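Numbering-wise (numbering that gives the first Met the number 0), the sequence shown opens with residue 0 and increments by one. Take a look at the structure below.
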Amino acid sequence: MTKVVNRIEKHVDLILDYLEELRSEKSYRGIERLLQLILQSFLDLCLMFISALNLRSPRTYSDIGNVLKESGIINDEKRQLVKSIAGMRNILVQGYFKVRKELVMKAAREEIPT
0 MTKVVNRIEK
10 HVDLILDYLE
20 ELRSEKSYRG
30 IERLLQLILQ
40 SFLDLCLMFI
50 SALNLRSPRT
60 YSDIGNVLKE
70 SGIINDEKRQ
80 LVKSIAGMRN
90 ILVQGYFKVR
100 KELVMKAARE
110 EIPT
């Protein structure tokens with residue numbers, strides 16, 4: 000279990016480093032990339048918790064919130080937030096839709112805690 004806790008702690012530190020870098024990043028592409036890394040790292044962290052707790056494996060990134068809610072770890076509001084994070088991650092990584100700069104900037108500057 001100590002290995003798992005160490006991995007989780009390292010991942011949290013990584014996310015905090017990305018958030019610190021996001022505070023000072025000025026270029027749009029830099030902000031977009033950091034946002035993608037933060038969202039992916041957050042979802043990976045959720046997956047680590049799910050694995051450590053031996054919960055059912057989510058079918059998709061969007062299912063992560065459902066697994067955490069089913070186990071009583073988060074409420075429905077947080078489940079929806081995790082689903083939104085997965086959706087934004089998919090847009091940034093897979094390019095499902097044309098990424099709108101104003102949405103990326105709003106997420107990076109207003110919705111991501113720094």
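Here a beta-carbon is modelled for each residue, glycine too, at the ideal position from N, C-alpha and C. None of the values given here were measured: they were computed from a predicted structure.
Residue burial classification, residue i (beta-carbon count within 10 angstroms, cutoff 16)
| i | result |
| --- | --- |
| Gly94 | exposed |
| Leu102 | exposed |
| Arg88 | buried |
| Val66 | buried |
| Leu38 | buried |
| Leu15 | exposed |
| Val92 | exposed |
Chain-order list of residues whose beta-carbon lies under 7 Å from that of residue i (same chain, five-residue window excluded)
| i | result |
| --- | --- |
| Asp12 | none |
| Ala85 | Leu42, Tyr60, Ser61 and Ile63 |
| Lys100 | Tyr27 |
Alpha helix (DSSP H) segment containing residue i, residue limits
| i | result |
| --- | --- |
| Val92 | Asp75 to Gln93 |
| Ser71 | In the sequence on display, residue 71 carries Gly and not Ser. Looking at the DSSP string, Gly71 is not in any alpha helix (DSSP H), and its letter there is neither H nor E. |
| Val11 | Thr1 to Ser23 |
| Glu31 | Tyr27 to Ala51 |
Residue i versus residue j - alpha carbon distance
| i | j | result |
| --- | --- | --- |
| Arg55 | Ile72 | 13 Å |
| Lys68 | Arg78 | 6 Å |
| Val3 | Ser70 | 19 Å |
| Ala107 | Leu21 | 8 Å |
| Lys97 | Thr1 | 42 Å |
| Leu17 | Leu36 | Reading the sequence as shown, one finds Tyr at residue 17 and not Leu. Straight-line Cα distance between these residues: approximately 7 Å. |
| His10 | Asp75 | 25 Å |
| Glu109 | Lys82 | 18 Å |
Near the ligand PLP: residue i beta-carbon under 6 Å from a heavy atom
| i | result |
| --- | --- |
| Gly29 | The ligand PLP is not part of this structure, which contains no ligands at all. |
Segment contact, 8 Å Cβ cut-off, at least three pairs: the region 21-35 with the region 48-66: no
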